[in-house]
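If you read the sequences in order, they're chains A and B.
With the first letter of the first sequence counted as 1, position 98 gets the number 98 in my numbering; the numbers rise by one all the way through.
With the first letter of the second sequence counted as 1, position 78 gets the number 227 in my numbering; the numbers rise by one all the way through.
Every residue gets a Cβ at the ideal spot worked out from N, C-alpha and C, and that includes glycine.
A quick note: this is a predicted structure, and the numbers were derived from the prediction, not measured.
Have a look at the structure below before the remarks.
2 protein chains.
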Amino acid sequence: MFRIGELAKQHGINADTLRFYEKHGLLAPSARSDNGYRVYSRDDAQRLAFILRAKAVGFSLGEITELLSIEVNKSQRVCSDVKDVVDDKLMKVSEKIAELERFRFSLQLLSDGCCGGSHSAEHCTILQALESCEPADFSQLAAETHADS
Amino acid sequence: MFRIGELAKQHGINADTLRFYEKHGLLAPSARSDNGYRVYSRDDAQRLAFILRAKAVGFSLGEITELLSIEVNKSQRVCSDVKDVVDDKLMKVSEKIAELERFRFSLQLLSDGCCGGSHSAEHCTILQALESCEPADFSQLAAETHADS
DNA sequence: GTTGACCTTGGAGTAGACTCTAAGGTTTAT
DNA sequence: ATAAACCTTAGAGTCTACTCCAAGGTCAAC
Ligand SMILES: [Zn+2]
Ligand SMILES: [Zn+2]
Ligand SMILES: [Zn+2]
Ligand SMILES: [Zn+2]
Numbered sequence: 001m002f003r004i005g006e007l008a009k010q011h012g013i014n015a016d017t018l019r020f021y022e023k024h025g026l027l028a029p030s031a032r033s034d035n036g037y038r039v040y041s042r043d044d045a046q047r048l049a050f051i052l053r054a055k056a057v058g059f060s061l062g063e064i065t066e067l068l069s070i071e072v073n074k075s076q077r078v079c080s081d082v083k084d085v086v087d088d089k090l091m092k093v094s095e096k097i098a099e100l101e102r103f104r105f106s107l108q109l110l111s112d113g114c115c116g117g118s119h120s121a122e123h124c125t126i127l128q129a130l131e132s133c134e135p136a137d138f139s140q141l142a143a144e145t146h147a148d149s
Numbered sequence: 150m151f152r153i154g155e156l157a158k159q160h161g162i163n164a165d166t167l168r169f170y171e172k173h174g175l176l177a178p179s180a181r182s183d184n185g186y187r188v189y190s191r192d193d194a195q196r197l198a199f200i201l202r203a204k205a206v207g208f209s210l211g212e213i214t215e216l217l218s219i220e221v222n223k224s225q226r227v228c229s230d231v232k233d234v235v236d237d238k239l240m241k242v243s244e245k246i247a248e249l250e251r252f253r254f255s256l257q258l259l260s261d262g263c264c265g266g267s268h269s270a271e272h273c274t275i276l277q278a279l280e281s282c283e284p285a286d287f288s289q290l291a292a293e294t295h296a297d298s
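Below you can see the structure in the form of structure tokens.
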């Protein structure tokens, strides 16, 4: 039986975060003490641990809500229900990675084209690219770099 | 000389977005017509193109503000000023990719461990992992998968 | 002279995940 | 008895990048 501050400290989170999770239906303490304080049971703590582990693999609170709703009556649910949620997330994460890798590629080309020296930025290839290149076509830049002279 | 709707349409964006950029100091029309309409010059359009190209490589509006402030007085600035912004972003993007790849790895292990079949989720390895594994240590799961029988 | 397509403004709403504030009640120690 | 360290609530604020709304002004066409 833990009070909000204890449980929060144990898991390295803010007590406000626990109130926030409660307001959003993720985790409610199973009891209140006479003075109105929230009282969390060991089961509550386990549910919190579930939430935090799911967060640690990238799930949003909305997705965790879905996972929890499967978890609480898992006898009625099947493996594919669970795996679908994971595979769905896997796709979203992969798409986000792909987008960021496109960013990284373009940024690397921009960086490689610029001498990074201390001459005036008037002829900086990065600025020139952003001023006039076709979007997402910085490949011209990759070839011609200029020297800091 | 373009009105807000024209300029927006030319660039495939919403007129509201242009007003938003103006409010946040990214792009103000260089004139207003007698009736109070915004009037964008060709220079304004080029500045917008700069903003959109920067967005296309992943820069946030805050970062674009910084790039623009360098661009407008580039004669006073040097290549390293520009390259620093790009390299800074490159690092942030790489870090975000690394985080998402950790997510992807964990999610893949979770997915691989689950049969995805139609038997009760009571013994689903995904739920078991989220209930009891050490965070970010789903490697045990990778080995022992169960069959849908 | 009215319809329709444009434009203006200020302000509110959205999503996600908190984080903080104000105003007050409770418990424990000194 | 009073300070500190807890706890309560409702509600506001943060960040990002828009997007939408209401109420109204402008302009060209028919
Ligand atoms: Zn240079
Ligand atoms: Zn340069
Ligand atoms: Zn199974
Ligand atoms: Zn399973």
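Leaving out five residues on either side along the sequence, give the residues of the same chain with a beta carbon under 7 Å from the beta carbon of residue i.
i, result
"Leu-210/B", "His-173, Leu-175"
"Glu-63/A", "Val-85, Lys-89"
"Gln-76/A", "none"
"Glu-215/B", "Val-234"
"Val-231/B", "Ile-219"
"Ala-231/A", "In this structure chain A extends from 1 to 149, so residue 231/A is not present and cannot be described."
"Ala-153/A", "In the structure displayed, chain A extends from 1 to 149; residue 153/A sits before or after that span and is not available."
With DSSP as the reference, label residue i as helix, strand or coil.
i, result
"Tyr-170/B", "helix"
"Arg-196/B", "helix"
"Ala-31/A", "strand"
"Arg-187/B", "strand"
"Val-234/B", "helix"
"Glu-57/A", "According to the sequence shown, residue 57/A is Val rather than Glu. Coil."
"Ser-299/B", "What is shown of chain B runs 150 to 298, which leaves residue 299/B out entirely."
"Phe-151/B", "strand"
"Asn-222/B", "coil"
Less than 8 Å between C-beta atoms, sequence neighbours within five positions excluded: which residues of the same chain meet that for residue i?
i, result
"Val-39/A", "Met-1, Phe-2, Arg-3, Pro-29, Ser-30, Ala-31, Arg-32, Ser-33"
"Val-93/A", "Gly-58"
"Leu-217/B", "Leu-175, Arg-196, Phe-199, Ile-200"
"Asp-35/A", "According to the sequence as given, residue 35/A is Asn; it is not Asp. Closer than 8 Å at Cβ, skipping near neighbours: no residue."
"Asn-14/A", "Ala-8"
"Gln-10/A", "Phe-2, Ala-45"
Suppose the cutoff is 6 Å on Cβ atoms and the five residues either side in sequence are ignored; what does the same chain contact list for residue i look like?
i, result
"Ser-41/A", "Ser-30"
"Arg-19/A", "none"
"Ile-275/B", "Leu-259, Cys-263"
"Ala-285/B", "With a pLDDT of only 47 at Ala-285/B, under the threshold of 50, the placement of this residue in the model should not be trusted; the figure read from the coordinates follows. Excluding residues within five positions, none has a Cβ falling inside 6 Å."
"Tyr-21/A", "Leu-27"
"Tyr-186/B", "Arg-152"
"Gly-154/B", "Ala-164"
Quick one: any contact between the stretch 45-61 of chain A and the stretch 237-245 of chain B, if contact means 3 or more CB pairs under 8 Å? They do not touch, by the three-pair rule.
According to a CB-to-CB cut-off of less than 7 Å, which residues of the stretch 223-241 of chain B neighbour chain A? Going along the stretch 223-241 of chain B in chain order, one finds Lys-223, Ser-224, Arg-226, Val-227, Cys-228, Ser-229, Asp-230, Val-231, Lys-232, Val-235, Asp-236, Lys-238, Leu-239 with a Cβ nearer than 7 Å to chain A.
Given 8 Å, three or more beta-carbon pairs between the stretch 243-256 of chain B and the stretch 100-114 of chain A: These segments touch.
Give the residues from the stretch 90-119 of chain A that approach chain B closer than 7 Å (Cβ to any Cβ), ordered along the chain. The residues in question are Leu-90, Val-93, Ser-94, Lys-96, Ile-97, Leu-100, Glu-101, Phe-103, Arg-104, Ser-106, Leu-107, Gln-108, Leu-110, Ser-111, Cys-114, Cys-115, Gly-116, Gly-117, Ser-118, His-119.
Looking at chain A, which residues of the stretch 152-174 of chain B have a Cβ within less than 9 Å of any of its Cβ atoms? Residues of the stretch 152-174 of chain B that bring their beta carbon within less than 9 Å of a beta carbon in chain A are absent altogether.
Contact residues within the stretch 200-211 of chain B, judged by C-beta distance below 8 Å to chain A: Going along the stretch 200-211 of chain B in chain order, one finds Leu-201, Arg-202, Ala-203, Ala-205, Val-206, Gly-207 with a Cβ nearer than 8 Å to chain A.
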